[in-house]
Amino acid sequence: MAEEMTTRAKATPSRFDLGYAPAPEATDHVKIRERYDLLIGGKWVEPRSERHFKTVNPATEETLAEVAEAGEEDVDLAVRAARSAYTRVWSKTSGAERAKYLFRVARILQERARELAVLETIDGGKPIKESRDVDVPLAAAHFFYHAGWADKLEYAFPGRTPRPLGVAAQVIPWNFPLLMAAWKLAPALAAGNTVVLKPAETTPLTALLLGQVLEQAELPPGVVNIVTGAGQTGAAAVSHADVDKVAFTGSTEVGKSIQRTLAGSGKRLTLELGGKAANVVFDDAPIDQAVEGIVNGIYFNQGHVCCAGSRLLLQESIAEALVDKLKRRMATLRVGDPLDKNTDVGAINSRQQLEKIQELVAAGEAEGAALYQPPCELPSRGFWFRPTVFTGVAQSHRIAQEEIFGPVLSVLTFRTPDEAVAKANNTPYGLSAGVWTEKGSRILELARRLRAGVVWANTFNRFDPASPFGGYQESGFGREGGRHGLAAYLDLGR
Ligand code: NDP
Numbered sequence: 028m029a030e031e032m033t034t035r036a037k038a039t040p041s042r043f044d045l046g047y048a049p050a051p052e053a054t055d056h057v058k059i060r061e062r063y064d065l066l067i068g069g070k071w072v073e074p075r076s077e078r079h080f081k082t083v084n085p086a087t088e089e090t091l092a093e094v095a096e097a098g099e100e101d102v103d104l105a106v107r108a109a110r111s112a113y114t115r116v117w118s119k120t121s122g123a124e125r126a127k128y129l130f131r132v133a134r135i136l137q138e139r140a141r142e143l144a145v146l147e148t149i150d151g152g153k154p155i156k157e158s159r160d161v162d163v164p165l166a167a168a169h170f171f172y173h174a175g176w177a178d179k180l181e182y183a184f185p186g187r188t189p190r191p192l193g194v195a196a197q198v199i200p201w202n203f204p205l206l207m208a209a210w211k212l213a214p215a216l217a218a219g220n221t222v223v224l225k226p227a228e229t230t231p232l233t234a235l236l237l238g239q240v241l242e243q244a245e246l247p248p249g250v251v252n253i254v255t256g257a258g259q260t261g262a263a264a265v266s267h268a269d270v271d272k273v274a275f276t277g278s279t280e281v282g283k284s285i286q287r288t289l290a291g292s293g294k295r296l297t298l299e300l301g302g303k304a305a306n307v308v309f310d311d312a313p314i315d316q317a318v319e320g321i322v323n324g325i326y327f328n329q330g331h332v333c334c335a336g337s338r339l340l341l342q343e344s345i346a347e348a349l350v351d352k353l354k355r356r357m358a359t360l361r362v363g364d365p366l367d368k369n370t371d372v373g374a375i376n377s378r379q380q381l382e383k384i385q386e387l388v389a390a391g392e393a394e395g396a397a398l399y400q401p402p403c404e405l406p407s408r409g410f411w412f413r414p415t416v417f418t419g420v421a422q423s424h425r426i427a428q429e430e431i432f433g434p435v436l437s438v439l440t441f442r443t444p445d446e447a448v449a450k451a452n453n454t455p456y457g458l459s460a461g462v463w464t465e466k467g468s469r470i471l472e473l474a475r476r477l478r479a480g481v482v483w484a485n486t487f488n489r490f491d492p493a494s495p496f497g498g499y500q501e502s503g504f505g506r507e508g509g510r511h512g513l514a515a516y517l518d519l520g521r
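According to our numbering, the sequence shown is numbered sequentially starting from 28.
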């Protein structure tokens, strides 16, 4: 009896053990093919290039599938298919009919939400709770929202005569693969354009599954063409002579090169590029709420977020207390298996991105900033980086200037609102910013003075399809979402 009790005591966790039991999401409903082809003219076709590349699960380094690498000839076929679909079908399809397709796509995305969320997490490394609660619902919301506009374009732009532009080449990154596809496709289709979409090399699978969703919705062939591949495929798409509009989300460096390529071509261009957002916390802010906002601002999606709140500006009088709270909160973040429903911080998207983060963090230490990382065990395989905060950061440090695109926060301090604004604006970027204070007048004043396309007040990383999103300076130009985003796909006449 005594022996049995001892065994039972060992098997039962101590009542002070508040650890989480594993809660893995099921994956059996996701069918990953061995090979994926290109979607051109409504058919899945093998690439004329005869090349394929591997896509891996960044949490395990396992190869998931082989994916077609579209060469110039393939891109040309895709643009021809898009042009033909535009001329023969889509430009003659009424707004009300286009809306029906978009509503159908939105509903299928909802129906297949679990499948999409799991695939997004497997291919990209983000926590399942984020794919499930953010990426997929927002992707569906973008199709619903733009479906609503498709037959009301003349009301969206009163007194104008909105017309589609023609064929759009769209290049998207790996941090929100399905959501970025939705941000790009939904307004383009609602406005009456056809599309050639180039997903990122490391995360092509949900865009390809979206291609299957479009087929299921019976979207006419050629209205959306999907060409997978690396940077060269993207370059071929954006520089193709028969493309009327280019929409790019990615790095500032590539954005600049695209702008140079397109200069003088007459093609319409929108660029959503990098960021180095300031998250400004005043001494009258609700501190616990601010800590949650700071964590969400930088550790959401492993910090692979163009609008991440990567520079924390704290008013000096509360800096020490807030950093203490922040460190305690960071120690509760669960890092690991992205498919576990309890995971807060998943895998870094690729080895290349991990190396970039490691390099910048090493630079931060070398330049004299103080690093803190909570103790946490990292899986032995895959690409991982601990949530990190640097204090004692100077404005000249690389970690205060460059986009790290990882779970790394740089903390600076200020004394007055003027100093906060000067430091926040001391960046070549201008995508987003956050302000934490209980004074409404201060929020309005800072929103006016901060040079950022989006300013969040007492919250961070909030997205809505009705709300335009985009940047200034090296963060690019053009807006996505809302009527501004729609206008980017229309010729508004006079
Ligand atoms: P890129 O800008 O290279 O990638 C974005 C997309 O553009 C991908 O689909 C990429 O293809 C494609 N691409 C690459 N080169 C060209 C080209 N010459 N012409 C047309 N398309 C091209 O970003 P990276 O993936 O290299 O990431 C590098 C850094 O960029 C990150 O560390 C981060 O700082 C920043 N970044 C910012 C993003 C944002 O949302 N603002 C998103 C992604 C990255 P492929 O995937 O094959 O390279």
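Here a beta-carbon is modelled for each residue, glycine too, at the ideal position from N, C-alpha and C.
- DSSP places F490 in the coil class of the three-state scheme, outside both helix and strand.
- It is roughly 18 Å from the alpha-carbon of V222 to the alpha-carbon of A133.
- Distances from the alpha-carbon of A95 to those of L513, V307, E228 and Y456 put E228 closest.
- DSSP links R131 through a beta bridge to no other residue.
- Between the ligand NDP and the CB of S437, the shortest heavy atom gap is not smaller than 8 Å.
- Bounds of the beta strand (DSSP E) holding V251 are V251 to I253.
- If you ignore the 5 residues before and after A474, its C-beta comes within less than 8 Å of the C-beta of V462, V482 and A484, all in its own chain and listed in chain order.
- Two segments are said to touch when three or more pairs of C-beta atoms, one from each, lie closer than 8 Å; by this definition the segment 183-196 does not touch the segment 152-160.
- C-alpha of A421 to C-alpha of P313: approximately 26 Å in a straight line.
- Going by DSSP, H79 is part of the beta strand (DSSP E) stretching over H79 to V83.
- In terms of Cβ geometry, R425 and G391 form a close pair [threshold 9 Å].
- Contact between the segment 96-105 and the segment 250-267 is established, with three or more Cβ pairs separated by less than 8 Å.
- A distance criterion of 8 Å places the beta-carbon of N323 beyond contact range of the ligand NDP, judged by its closest non-hydrogen atom.
- Collapsing the DSSP output to three states places G282 in a helix.
- At the C-beta level, T82 and T230 come within 9 Å of one another.
- When rounded, the separation of the alpha-carbon atoms in Q342 and L398 is 20 Å.
- Rounded to whole angstroms, the separation of the alpha carbons of P248 and A215 is 16 Å.
- It is roughly 6 Å from the alpha-carbon of T233 to the alpha-carbon of E147.
- Contact between Y47 and N369 holds: CB atoms are separated by about 5 Å, below the 8 Å threshold.
- Per DSSP, E181 is one residue of the alpha helix (DSSP H) stretching across L180 to A183.
- In the structure shown, F412 adopts coil according to DSSP, grouped into three states.
- Across the structure, G419 and I59 are spaced so that their CA atoms are roughly 46 Å apart.
- Exposure of D269 is indicated by the presence of fewer than 16 other C-beta atoms within 10 angstroms of its C-beta.
- Distances between the C-beta of N202 and the heavy atoms of the ligand NDP include at least one below 8 Å.
- For F275, the shortest separation between its Cβ and any heavy atom of the ligand NDP lies below 8 Å.
- Per DSSP, Q400 is not a residue of any beta strand (DSSP E), being assigned neither H nor E.
- Going by beta carbons, H511 and P495 fall inside the 9 Å limit.
- In terms of Cβ geometry, L136 and V163 form a close pair [threshold 9 Å].
- T443 counts as exposed, since fewer than 16 other beta carbons sit within 10 angstroms of its beta carbon.
- Per DSSP, the unbroken beta strand (DSSP E) holding R295 starts and ends at R295 to E299.
- For T464, no beta strand (DSSP E) encloses it, and the DSSP letter there is neither H nor E.
- Residues of the same chain with a CB within less than 7 Å of the CB of L143, apart from the 5 flanking positions on each side, are L136, V163, L205, T233 and L236 in chain order.
- G457 has its Cβ no nearer than 8 Å to any heavy atom of the ligand NDP.
- Between I325 and P85, the gap from beta carbon to beta carbon reaches 9 Å or more.
- A residue is called buried once 16 or more other Cβ atoms fall within 10 Å of its Cβ, and K225 is buried on that count.
- Per DSSP, T188 is not a residue of any alpha helix (DSSP H), being assigned neither H nor E.
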